[in-house]
Every structure is written in C-alpha cells, then in structure tokens.
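Novice: Take the sequence shown: its position 386, counting from 1, is numbered 386 in full-length UniProt numbering, and each next residue is one higher.
Note that the Cβ used here is the ideal one computed from N, Cα and C, for glycine as well.
These figures come from a predicted structure and were not determined experimentally.
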Amino acid sequence: MESRPTHRADTLECPLCLEEFSVPRTLPCLHSYCQSCLQSYINGLREKNEDQLALFPCPVCTKETSSPSIAKTIDEWASAFPQNSLLVSLLSDKAVRGAPERACDPCMSTDNNNIPATGFCATCNESLCPDCIKAHKKNTLLKAHIIVGLDDVSKNPQMAVMMSSKMNCTVHLNKEIEFYCKDHYELSCNTCAFLFHRGCANILELKVHAQRIIQDHTPADVIDKMKSLESHLGRVMKANEANLEDMDKQVNQLPKQIRGLRQKLDKVFEDLEYKLWMRGEKLHREESTLRKGDNKRIQSLLAAIKNSYRLLERIMQHASDSQIFITLHKVEEQLAFYEREVRQHFSETHSLDIQLRVNEIVEKIAAMDSSTIAQLEVTEKRLKVPSESLKNVPEQPPTPRGQVQFSSEVNLKTPDGRLPLFTGAAYLPENKLMLVDSWNHRIYMFSSAHTYITDYKLPSPPTDVCLLNTQEVAVALPKENKIQFASVTGGRIKYTMTLTTQYPCFSLAQLSVEELVVAGMNKDRYYWAILNSSGTEKSYVGIENRPAWSDISYLALNKAKTRLLVSCYGYNALYCYNLDSKLKRRFIYKTKELEGPTGVGVDSDDTIYVAGFISRNIHQLTEEGIMLKILSSDSGIPSKPRELCFNERGDEFLVTNSGETEKGHIFKISWPDN
C-alpha cells in the first residue's frame, strides 16, 4: 500500500503566530500569513503611522508591499490578498489524512447532528456533508472555495495538492489564471488579458502553451540558479559576520587608543609642569636673594637718614648757632649722598610677573569640543566576499506599462521678447502653466494653449516652483536662502509672504498642508530637508559626504507621498528615500547613460522619469529604480532637457529646453487599458 506523504510542520506554520495557518494569504513576495495575523500586523503599522499608510514591509523579507487595488479600506487589505491555494490544499490533506469517517462540522455546530461528511472545504477548514456541499456551492461568497472529496483524497493523497494548481488572479480573485504575457512577464486571467494586455504581441494561453513555457523556464534550472543565489548570499552573510567581528575588535580598541593618546598627552603635560615649575622656583630663589640684599642696604640707609635728621632736630633745640651751622653743613653733605643712594635704588628696583603663557594651538585644542579633537573615521569599502562564480541568472527586463509619445513642441514666448531660462515649472488647474525664469528673475503664467497670461518680478533668480493648492504657489530663491509665496487667482500673480531657510533651497514640493520638502546644497554638499510652515527644519538629510561642483538639484514625490526622489547634477545620480520615521535611502540610480540629471517626475502609475541635461535624454524607471527605457532625440527629447513637470492626472509632462529656451516639449502617456 502506498504510504501517504507527510508535510514538515514549519511548512504549515504562520511566521507571525507560529501556529498552523488559518486562511493563508500570500503577499507578492510569496510569503504567506494567516489572514487575521496579517491584518493585525497591518493595523499595528497603521497606528504607528497615524493612519497614513500606503505601503508596508513584508514581516519576513521586508519587501515593500502596496495596498491591494480591490481593497477599499485598510481593514480589508489582508482579505484582499490572494489565498495560498497550495497551503490550503496541504492543510486539507493533513486534516483528512487518517480520519476517513468524519462528521459534518456545520451540522454538528447547529443541530448537533452527527451526519457523516463526504467532503472537506480547504478554505473553511471544515468537513461537509452532501447538503452542506451543495449549499456551499450555491452561496455566492463561498462558491470559490476549494472542496475536496474525502474518498478521493483517501485514494489519491496528492489530489489536494494537485487541486492547488487552480490558482486565481491577484486582481480578479474569482477568476483563474489562464494567460501568460511574455511582453510584460505577467500572469493574468481573461479579464486582465483583455484590459491590460490586448495590445501585447506575445500573450500565451496557459493550457495550450504550458509545456512550451515550462521548457523556456525549466524548473530545475530555476531551482539550480536559486540555490546558487542562496550559496552566494550565504557567503555574503559570512563576510558580513567577519566584518562585524572586525568592527567589534576595532570598537573595543577605541578606549585603549584614546587612553594611549591621553597618556601621551599626560606625559607631555607632566613634563611641562615639572620644567616650568623648576624654572619658576629658580627665578624665585634668585630674585629672593637679590631682593633681601637690597632690602638690607635700604634698611641701613633708612637708619642713617633717620639718625641724621634727629641729630639736627636736637641740635636746633639745645646748641648754639655756631654748632647748629657746623652740624647742618655736615648733614647737608650726607644728604647729597642719601639722595644719590635713593635715586639709585629707585632706578634699579624692578618687578617680576610670572604667568603661564600657553601656545595658541594648545589654547584652541583646550577650547574645542571633544567631538572636534578627534573623530571616528568610517571608510565604506566594497565587502570582500570569497570568490565563487555566481551563476548568471538572466534578468527579465521589465517593460514599461505606459507608452510615452511626443505630443508637440510649444512656444513659450514672453511679452518683452527677452530670452528666458525656464528652470522650474508647475501645472495649475485647467492645465495652465507656471514657469520660473532664472535669467530675468520672473515667474510667468501661461494658458493651457501655452499663450502668455501674466508675470511677476522676483527679487533674485528663481530655480523652481511648486503648486501648494489651486490658488497658491511657492518659489525657490536659493541666492537669498528664501522661499517666496504667491497667490495665482483671476489670471493674476500676487505676492503673499516669504520664508527664510537655513540653507539655499534649489527645488521644492508640498509634502502636506503644513510641510514642504526642499533640496539644495549646503556649502558644497547636496541635502534635502522637511520644513514646517515657519521654515524651520523638521528633518535634515545629507545626501553624500563629498563635495559637488554644481548646485543643481531637483526633487519629486511619488503619488502617495511616501517616497522622495532627488536628482544631483554634480553626482550624476538619482536618489530615492522613504518618507517614514527613518528617512532611509531606498536606492541610487547611477549609470554612464545619465549625465547631469536635472528634472524628475512621477506619472500616475508611479513610473519615474529623470532628465539627463548633459546626456540629452530622459530615463524611464520602475518605482524601484530599475531602468525601463531611455528616451532620446528620436523620441522628441529636446537638445538640453532641464525641468520635467507632470500635470495633475499624471498622464502628460512638459520638458523645458535650455538649448532653445523658449521651446517646451509636451509628452503624453498612454496605458493598455486606456
């Protein structure tokens, strides 16, 4: 008799509750959790983020997961993810194994009737009698559940697993996956195939082409490549652990190194203390001997002077005039001697002031904060991983869902005829345009037909403009460290207020009603920051700890305002950051095909676009920073693309041209389901 297969316990355990799965739901990264566990996890993240949640990390691999498109509220997110049919089948196989005679669970719970079960619902994890099976299949909410016959499972233990091959679409949960699009490397049901892939040239029906598809994607080869990746990651982990051990030793050496430095300094100061003290003592002894001798001679002189004038006083009282004259003559002779002696003592008398005069360098060191005396020098190097050939896993290049088409070249003429340099742009309601002119220090308003409406003179060269609401814009003035606000109502531009920033702000966008996110250059390094309504920095992030030769920097937010993109002209790179409590860098896009990145924007599908001013192209990227396509002059890209600005719908963008400064290029984006 054929033995039944057993399943590892940990295969059927939820990673969150560590108990057997209950209604397992699978995330796009293929990790599964109990529906209730996953929803509790999401609710916990929602509380931490104060209900502002658009993405959440997988609890196991931390891959960012977006909300399911069919979920209306956060409370429905977990239930909207597809059920893991394989796990459901394995659970049902385990449940029915060894227990062929089971009572119907619904009947037992309602009427306490011990009616024999003939089937098992893998979704509800309940045994069912024939009547309950019929009711299950008639119920609209339950008819998609997987029901396995108990007799069939007893005869064929693999049946439950085989039934899991009926996998449903992640978008239309009640429809089975029937097609595979080779253009987009996507599985789809018939509805998805019609909506999203009807224009694709290589869409295959699974039932017809499954064998050919498997030959193209041999499971054994994929497993082999996965194991190669697993081995490589194991070596990376070991290298990380070795590096951590080295770091631990280095950190433990820090106190010893600092003590050694302090001991050296202590020895220097002890030697200094002894030498200066000995010299001071010697000076004091020598001066003491000299001063004592001087004072002894002065005391003798004082006694002689005192004796002379007292003698003269007595003579004047008791002697004759002749005796007085003779004595006076002798005293006057002595007086001349006394005067010479006193003058000599006055001229030779000096004072010594002994003070410690510290070298200016030492004074500066003593005045320093401890953090400026010495710092930790942290050098980031490429981790050395023991070499072993990593099997080349062919990447499936992603295909852009949105198709970019050049629409038109427009003339953005100003009334005074001066050549402008449009460095920043923003779409207003009704497709009006706001453009800032760095050369002529102006902000212009153009109609949807790109004709001039009005302008406003600014105090210094502007670099960017962003829309705050339907009636107000903000303009970056980096030369003055200011942001100027203006109302844009009734075809007029009117100054409202000015904010002063700590550092020059080159580009800006509205993060919330009370917050702006800005990017620019602090001294010679790029930064970005979040400012409150008074211009005070709430958060500051230095992009690179190295100088750059240009201050040009543009930023953009994704549609959910959970990620920030910053282009750095001087670094030839685009940086992406998560806008959560950690503000962690998500990716860096840097390639030799992108030189002098300037304007950056995001379409309604969260596809990223960044202009290369020097490379004369526009790069189209996935939201994770993977290059989709490079648009060049043959796609209508101007000779020197500068600003890149999307309209409110995210299906049209303007590119300004620093080569022909009055010209703007309009591009439209279409999607297969449009």
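Would you kindly work out how many angstroms separate the C-alpha atoms of Gly-664 and Ile-453, rounded to a whole number?
Specialist: Spanning the two alpha carbons is a distance of roughly 17 Å.
Novice: What residues in its chain sit with their C-beta under 6 Å from that of Trp-528, if we drop five residues either side in the sequence?
Specialist: Excluding residues within five positions, the ones whose Cβ falls inside 6 Å are Ala-519, Val-541, Val-566.
Novice: So is Phe-337 buried or exposed if we call it buried at 16+ other beta carbons inside 10 Å?
Specialist: With fewer than 16 Cβ atoms within 10 Å of its Cβ, Phe-337 is classed as exposed.
Novice: What residue range is occupied by the uninterrupted beta strand (DSSP E) comprising Asp-455?
Specialist: Looking at the DSSP string, the run of the beta strand (DSSP E) that includes Asp-455 is 452-457.
Novice: Quick one: give me the first and last residue of the alpha helix (DSSP H) that Met-497 is part of.
Specialist: Premise fails: Met-497 lies in the beta strand (DSSP E), 494-500, not in any alpha helix (DSSP H).
Novice: Buried or exposed, going by whether 16 or more other CB atoms sit within 10 Å of the CB of Asn-113?
Specialist: When all chains shown are included, Asn-113 counts as exposed.
Novice: Terminal residues of the continuous beta strand (DSSP E) containing Asn-617?
Specialist: Residues 617-621.
Novice: Can you check the stretch 465-534 for any beta strand (DSSP E) of at least 3 residues that lies completely inside it and give the ranges in chain order?
Specialist: Listed in chain order, they are 472-477, 482-487, 494-500, 505-512, 515-522, 525-531.
Novice: Taking Ser-658 and Lys-640 to be in contact with their CB atoms under 8 Å, please state how far apart those CB atoms are, rounded to whole angstroms.
Specialist: That belief holds up - the Cβ atoms of Ser-658 and Lys-640 are roughly 4 Å apart, short of 8 Å.
Novice: Helix, strand or coil: how does DSSP classify Leu-195 here?
Specialist: Looking at Leu-195 - three-state DSSP - the assignment turns out to be helix.
Novice: Strictly by DSSP, which residues pair up with Val-566?
Specialist: In DSSP, Val-566 forms a bridge with Leu-555, Tyr-575.
Novice: How is Asp-580 classed by DSSP in three states: helix, strand or coil?
Specialist: Here Asp-580 sits in coil by DSSP.
Novice: Which residues share a DSSP beta bridge with Ser-657?
Specialist: The question names Ser, but residue 657 is Asn in the sequence shown. Bridge partners of Asn-657: Pro-641.
Novice: Where does Gly-612 land, buried or exposed, given buried means 16+ other C-beta within 10 angstroms?
Specialist: Burial call: buried.
Novice: With a CB to CB cut of under 7 Å and the five nearest residues on each side skipped, what residues in its chain are close to Thr-26?
Specialist: Excluding residues within five positions, the ones whose Cβ falls inside 7 Å are Ser-32, Phe-81, Pro-82, Asn-84.
Novice: Please determine, among Gly-490, Tyr-575, Ser-487, Ser-550, the residue with the shortest C-alpha to C-alpha distance to Phe-506.
Specialist: Closest by alpha carbon: Ser-550.
Novice: Let me know if Tyr-185 comes out buried or exposed under the rule of 16 or more other beta-carbons within 10 Å of its beta-carbon.
Specialist: Flag for Tyr-185 reads exposed.
Novice: Check Thr-289 in the structure and name its three-state DSSP category.
Specialist: Helix at Thr-289.
Novice: Roughly how many angstroms lie between the CA atoms of Glu-313 and Ala-304, to the nearest whole one?
Specialist: Cα to Cα, the separation comes out at about 14 Å.
Novice: Looking only at its chain, what residues have a beta carbon closer than 8 Å to the beta carbon of Thr-65, apart from the 5 residues adjacent to it on each side?
Specialist: Once the five neighbours on either side are set aside, the close Cβ partners of Thr-65 are Leu-27, Pro-28, Cys-29, Leu-55, Phe-56, Pro-57, Cys-58.
Novice: Can you have a look at Ile-669 and say buried or exposed, based on whether 16 or more other CB atoms are within 10 angstroms of its CB?
Specialist: With 16 or more other Cβ atoms within 10 Å, it is buried.
Novice: Look up Met-278 in the DSSP assignment and say whether it is helix, strand or coil.
Specialist: Three-state result, Met-278: helix.
Novice: Keeping to the same chain, check which residues put their C-beta closer than 6 Å to that of Leu-38; ignore five residues upstream and five downstream.
Specialist: Once the five neighbours on either side are set aside, the close Cβ partners of Leu-38 are Arg-25, Ala-78.
Novice: If Thr-598 sits next to Leu-421, beta carbons under 8 Å apart, how far is it from one beta carbon to the other, in whole angstroms?
Specialist: Not a contact, Cβ separation roughly 12 Å.
Novice: Shortest alpha-carbon distance to His-209 belongs to which of Cys-200, Thr-191, Tyr-180, Cys-189?
Specialist: Closest option to His-209, Cα to Cα, is Tyr-180.
Novice: How would you write the range of the alpha helix (DSSP H) that Ala-78 sits in, first residue to last?
Specialist: Ala-78 -> alpha helix (DSSP H) spans 77-80.
Novice: Whole angstroms is fine: what's the gap from Lys-629's alpha carbon to Pro-400's?
Specialist: The alpha-carbon atoms of Lys-629 and Pro-400 are separated by roughly 8 Å.
Novice: Here's the rule I'm using: 16 or more other beta-carbon atoms within 10 Å means buried, otherwise exposed. How should Met-162 be labelled?
Specialist: With a pLDDT of 49 at Met-162, under the threshold of 50, the modelled position of this residue cannot be trusted, and the question is left open.
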